[in-house]
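Chains A and B are the protein sequences, given in the same order.
This note's numbering puts the first residue of the first sequence at 1, with every later residue one more than the last.
This note's numbering puts the first residue of the second sequence at 1001, with every later residue one more than the last.
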Amino acid sequence: MNETWVNLAYLVASILFILGMKGMTHPRTAVRGNMMSALAMFIAVIAAAVSIELDLVVVIVGIAIGAAIGGFLALWVKMTAMPQMVAVFNGLGGGASVFVAWADLVQRGVNTDLETSIATAAAGLIGAVTLTGSLVAYAKLEEIKQFRNPIRLPMHQLISAGLAVGAIAIGVAIVQWPDIGPGIYLLLILFAAALGVALVTPIGGADMPVVIALLNSYSGLAAAATGFVIHNNVLIIAGSLVGASGLILTSIMCKAMNRSLFNVIFGGIDASAGGGSEDDIYAGKIKSTSAEEVAMLMDGIQSVVIIPGYGMAVAQAQHAVRDLYQQLQARDIDVKFAIHPVAGRMPGHMNVLLAEVDIPYEKLVESDTINPTLDTVDVAIVLGANDVVNPVARDPDSAIAGMPIVDVDKCRTVVVIKRSLSPGFAKIANPLFAADNTLMFFSDGKEAVEELVKAVKEY
Amino acid sequence: MMDIALILSQVEVVASNHTVPFMVVLTIFVLAVFIGFEVITKVPPTLHTPLMSGSNAISGITIVGAILAAASTSGTISTIFGFIAIVMATVNVVGGYLVTHRMLRMFKKK
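Laid out in structure tokens, this is it:
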């Protein structure tokens, strides 16, 4: 009787998770969708607590500690630090799967069936990769010194492959000889944990959106595998929903760079291919400009497009950008933002920052949509973006060949706000900076935009 | 007497768990993946981050497994592992939903 009610509660939770996810696909219904999903989680937790009929002290204390930590982190984190926060939460989800499968293994002892053994090994493997991979991603996003740059050991790919083969071999051993005991599971976790580190350390900043989306998918798959271990449907359903949505995001991010997932994880970008050297491209062709000159350009024009990149996040320039947006709108200039899918360090990073400063989301236009209209735009302002506006991508021989870009070079005038001519993540020179219609505004992103706001006001 | 009843109910749960045929569970998994793909395909880029952090919170559903593990009668080790898992999963769930809510509220206010 009791068990039937509990399972019914799990079913209700599963339905609410699906409806909640559906709500997340539209800005108007997203808040409600998230709440529905939270309600589903609440129902599932209550049902689980009711079903055990035992001393709940451990459960309540655990939830209280977790809720306090999670609540504090979530309310305290700055919007600019959102990517690393999401990475941490993600890793903890994977870690929880590792421990649940482990506890179940200890509890079961040797009496186990084939499917459960496979699921246990999968939950441990995916969960541990998610945990350590996410923590390395956190360290990279937080720009902790030791992790900031891609780290490649000699024969790095070989090491990763070896760890992967080792982890899978141990997994097979767990399945084949279940009576070896739980000790071998620890070995599996160690191998998988090392694999998570080895896979994420060589990945550079601009590829982070792919990695974050992929780890997101893994955390769901780990939860689903745990569901197989303890034969629990709500874990399987909720976990696979997350797995699927993470995979979709991963593929969107890969397409936006015209690279395969395999290439992002195992390959690097070969900067030497195609395009000229920096000296050839830039020599004598760079025109620098000032806030006053740009303000003059803005006089009497009709349209401005702003292309933000990770530099805007680093410089915390979004508030200044909002002021500029308002100034220009007040002068009847149509301002739009061209958002490249991989701008920033996680999927949708720029959208979050601009929403934080109240830019209406109708003003944020995806690069594919805005590209055909760019030749009618008077002034484009590139703020802290580089590779995503590099016309070299149209050259089939270049390192970033075929990567969809924002075609800013078609705008009448392009103003690039940048500290120096240093290359972006792909480490290749950008001919846009030397184009006839480009003016370089060398400055910190935030200061530049603030100066620009002042100059436009005074002009 | 009470203890025996509890143990019996646990045994019953374990027994009934293992009566669910694997194929049924696998079917549920595959169908749920399909639902995931169908529901998510068209997400506007504006919502990529909230979708990710919101679905991330959902992956904290492992908390259900953690609660069941912590309450197991079979010994302290699984209780300790269950406790660790509860703390980790709760941080994931509570943090994930709150962060998502914060972001979505920004998208809504106009």
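Quick reminder that beta carbons are idealized off the backbone N, C-alpha and C, glycines included.
All values derive from a computational prediction rather than experimental measurement.
Residue i to residue j, Cα distance in whole Å?
i         : j         : result
B/VAL1024 : A/ILE237  : 13 Å
A/ASP397  : A/ARG419  : 28 Å
A/ALA193  : A/VAL264  : 20 Å
A/ALA167  : A/GLY62   : 30 Å
B/ILE1035 : B/THR1041 : 10 Å
A/ARG322  : A/ALA74   : 24 Å
A/ARG394  : A/ARG259  : 14 Å
B/VAL1093 : A/LEU131  : 15 Å
A/GLY309  : A/ASN386  : 7 Å
A/GLU451  : A/VAL342  : 28 Å
A/ILE306  : B/LEU1051 : 25 Å
A/VAL242  : A/LEU214  : 11 Å
A/MET312  : A/MET350  : 9 Å
A/VAL98   : A/GLY284  : 58 Å
A/ASN232  : A/MET155  : 41 Å
A/ASN2    : A/VAL12   : 15 Å
B/VAL1043 : A/THR25   : 5 Å
A/ASP179  : A/VAL211  : 36 Å
A/ASP407  : A/GLU362  : 20 Å
A/ARG28   : A/PRO182  : 48 Å
B/SER1016 : A/THR4    : In this predicted model, B/SER1016 has a pLDDT of only 45, less than 50, meaning its place in the structure is not dependable enough to derive any value.
A/SER160  : A/PHE441  : 43 Å
A/PRO360  : A/VAL335  : 11 Å
Should residue i be counted as a contact of the ligand HEM given a C-beta to heavy atom distance under 6 Å?
i         : result
B/HIS1101 : Questions concerning the ligand HEM fall outside what the structure shown contains, since it holds no ligand whatsoever.
Figure out for me which residue from the options has the closest Cα to the Cα of residue i.
i         : options                                       : result
A/SER240  : B/THR1062, B/GLY1096 and B/VAL1093            : B/THR1062
A/ALA320  : A/LYS336, A/HIS26, A/ALA343 and A/LEU354      : A/LEU354
B/THR1046 : A/GLN107, A/SER37, A/LYS140 and A/ILE339      : A/ILE339
A/VAL379  : A/ASP358, A/ASN386, A/MET346 and A/ILE333     : A/ILE333
A/ALA9    : A/SER51, A/LEU158 and A/LEU364                : A/SER51
A/GLY300  : A/TYR310, A/LEU328 and A/ASN371               : A/LEU328
B/PHE1037 : A/SER37, A/ALA128 and A/LYS22                 : A/LYS22
A/ILE189  : A/CYS254, A/GLY94, A/LEU261 and A/ALA161      : A/GLY94
A/ARG152  : A/ILE65, A/LEU432, A/LEU199 and A/ILE43       : A/LEU199
A/MET85   : B/THR1027, B/LEU1098 and B/ILE1028            : B/LEU1098
A/ILE230  : B/LEU1051, B/THR1027, B/VAL1064 and B/GLY1095 : B/VAL1064
A/VAL389  : A/VAL304, A/THR376 and A/VAL414               : A/VAL414
A/GLN318  : A/VAL365, A/GLU447, A/SER290 and A/ILE405     : A/GLU447
A/GLN157  : A/GLY71, A/PHE262, A/VAL210 and A/PRO178      : A/PHE262
A/LEU297  : A/VAL58, A/ARG28 and A/VAL456                 : A/VAL456
A/ARG345  : A/VAL314, A/VAL335, A/ASN437 and A/PRO360     : A/VAL314
A/PRO347  : A/VAL408, A/ILE252, A/GLY384 and A/ARG331     : A/ILE252
A/VAL449  : A/VAL294, A/MET35 and A/LEU235                : A/VAL294
B/LEU1027 : A/ALA429, A/ILE370, A/PRO360 and A/PHE228     : With the sequence shown as reference, residue 1027 of chain B is identified as Thr, and Leu is not the correct amino acid for it. It is A/PHE228 whose Cα lies nearest to the Cα of B/THR1027.
A/LYS454  : A/ILE46, A/GLY384 and A/LEU324                : A/LEU324
A/PHE433  : A/THR376, A/ALA426, A/GLY445 and A/ILE417     : A/ILE417
B/ASN1056 : A/LYS78, A/TYR138 and A/ASN90                 : A/ASN90
A/ASP104  : A/ALA164, A/GLN316, A/ALA123 and A/VAL88      : A/ALA123
A/VAL197  : A/LEU187, A/ILE184, A/GLN176 and A/LEU163     : A/LEU163
B/PHE1029 : A/ALA244, A/LEU195, A/GLY33 and A/ILE126      : A/ALA244
Which bits of chain B does residue i rub up against, with CB to CB less than 7 Å?
i        : result
A/GLY133 : None at all; the shortest Cβ gap to chain B is about 14 Å.
A/GLU356 : MET1106
A/ASP104 : ALA1069
A/TYR325 : None at all; the shortest Cβ gap to chain B is about 14 Å.
A/LEU364 : THR1046
Could you please give the first and the last residue of the uninterrupted alpha helix (DSSP H) stretch that includes residue i?
i         : result
A/THR120  : 114-141
A/LYS287  : A/LYS287 -> no alpha helix (DSSP H), and no H or E assigned at all.
B/MET1023 : 1022-1040
A/ILE236  : 233-257
A/VAL305  : Premise fails: A/VAL305 lies in the beta strand (DSSP E), 303-308, not in any alpha helix (DSSP H).
B/ILE1058 : 1048-1059
A/VAL86   : 82-108
A/ASP299  : Run containing A/ASP299: none; DSSP gives neither H nor E here.
A/ARG331  : A/ARG331 -> no alpha helix (DSSP H), and no H or E assigned at all.
A/ILE144  : Run containing A/ILE144: none; DSSP gives neither H nor E here.
Using the beta-carbon of each residue, which ones in chain B are nearer than 8 Å to residue i?
i        : result
A/GLN107 : ALA1069, SER1072, SER1074, GLY1075 and SER1078
A/VAL242 : GLY1036, SER1055, ASN1056, ILE1058 and SER1059
A/LYS22  : VAL1039
A/ALA128 : Within chain B, no residue comes near A/ALA128; the closest Cβ sits about 12 Å away, beyond 8 Å.
A/GLY71  : VAL1094, GLY1095 and LEU1098
The beta strand (DSSP E) spanning residue i covers which residue range?
i        : result
A/ILE180 : First-last for A/ILE180: undefined, no H or E at that position.
A/LYS454 : Per DSSP, A/LYS454 belongs to no beta strand (DSSP E); it is in the alpha helix (DSSP H), 445-458.
A/ASP334 : 334-339
A/THR438 : 438-442
Starting from the beta carbon of residue i, find every residue of chain A whose beta carbon is closer than 7 Å, and list them in chain order.
i         : result
B/THR1100 : ASN34
Note down, in chain order, every chain B residue with its Cβ under 9 Å from the Cβ of residue i.
i        : result
A/GLU25  : Sequence check: residue 25 of chain A is Thr here, not Glu. Neighbours of A/THR25 on chain B, chain order: VAL1039, ILE1040, THR1041, LYS1042, VAL1043, PRO1044, LEU1047 and LEU1051.
A/HIS156 : The premise fails here: A/HIS156 is roughly 27 Å from chain B at the closest Cβ pair, so nothing lies under 9 Å.
* Unbroken beta strand (DSSP E) runs of length 3 or more, entirely within the segment 341-414 of chain A: which are they? -> Taking 3 residues as the shortest admissible run, the segment 341-414 of chain A contains the following complete beta strand (DSSP E) segments, listed from N- to C-terminal end: 364-366 and 379-383.
* What are the start and end residues of each continuous alpha helix (DSSP H) run of 4 or more residues lying completely inside the segment 17-71 of chain A, in chain order? -> Those alpha helix (DSSP H) runs which fall completely within the segment 17-71 of chain A and span 4+ residues are 30-52.
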